[in-house]
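Undergrad:
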Amino acid sequence: MDKIIMKGMRFYGHHGVLPHERELGQIFEVDLELSLDLGPAGHMDDLSLTVSYADVFGLAEELVTGSPMNLIEAVAQRIADGVLEKFTPVRAVRVVLKKPSAPVQGVFDYMAAEITRVRDRR
């Protein structure tokens, strides 16, 4: 399966369980892998036969900067649901939502939730 890969998208959001996370907010980083058939767009050189990076970026930004949620797992699910709902050519989506400033004592690059969702083919 072909993929569109978008890495390192950074947005400011107010997600977290702790009050200061909700109040002050922090940077979240999103990586996406969209699985879809890129053959038609590749052969025809036609944007209408694929998914616009800009549109996917805008959706991720809207969802991360939108209503606060307790868990990054829930934000990742929101992103996956939004991609599958809005971009019908996408057959599956992998979301990695990174939280570099997680409230954990210790040295680390980030904490993250990674989910993969596949379009229901009923």
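Quick note: the sequence shown, position 47, residue 46 per numbering that gives the first Met the number 0, numbers continuous. Beta carbons are placed, not taken as given, at the ideal position from N, Cα and C, and that holds for glycine.
Does the structure place the stretch 5-17 close enough to the stretch 45-60 that three or more beta carbon pairs sit under 8 angstroms?
TA: yes
Undergrad: Confirm, please, whether the CB-CB distance from V95 to R118 is below 8 angstroms.
TA: no
Undergrad: Determine the burial state of G15: buried for a count of at least 16 other Cβ atoms within 10 Å of its Cβ, exposed for fewer.
TA: Residue burial annotation: G15 is buried, with at least 16 other C-beta atoms found within 10 angstroms of its C-beta.
Undergrad: Please go through the stretch 1-53 and give each complete beta strand (DSSP E) segment of 3 or more residues, from N-terminal end onward.
TA: 2-12, 25-34
Undergrad: I need the straight-line Cα distance from T64 to E72, nearest angstrom please.
TA: 15 angstroms
Undergrad: Please list the terminal residues of the continuous alpha helix (DSSP H) segment that includes A75.
TA: 71-85
Undergrad: Could you work out which residue in K85, Y109, V92 is closest to M0 when comparing CA atoms only?
TA: Distances from the alpha-carbon of M0 to those of K85, Y109, V92 put V92 closest.
Undergrad: Can S100 and I3 be called in contact, C-beta distance under 8 angstroms?
TA: no
Undergrad: Between the C-alpha atoms of M68 and Y109, what's the straight-line distance to the nearest angstrom?
TA: Annotation: M68 to Y109 spans about 18 angstroms, alpha carbon to alpha carbon.
Undergrad: Mind checking who E113 pairs with in its DSSP beta bridge?
TA: V95
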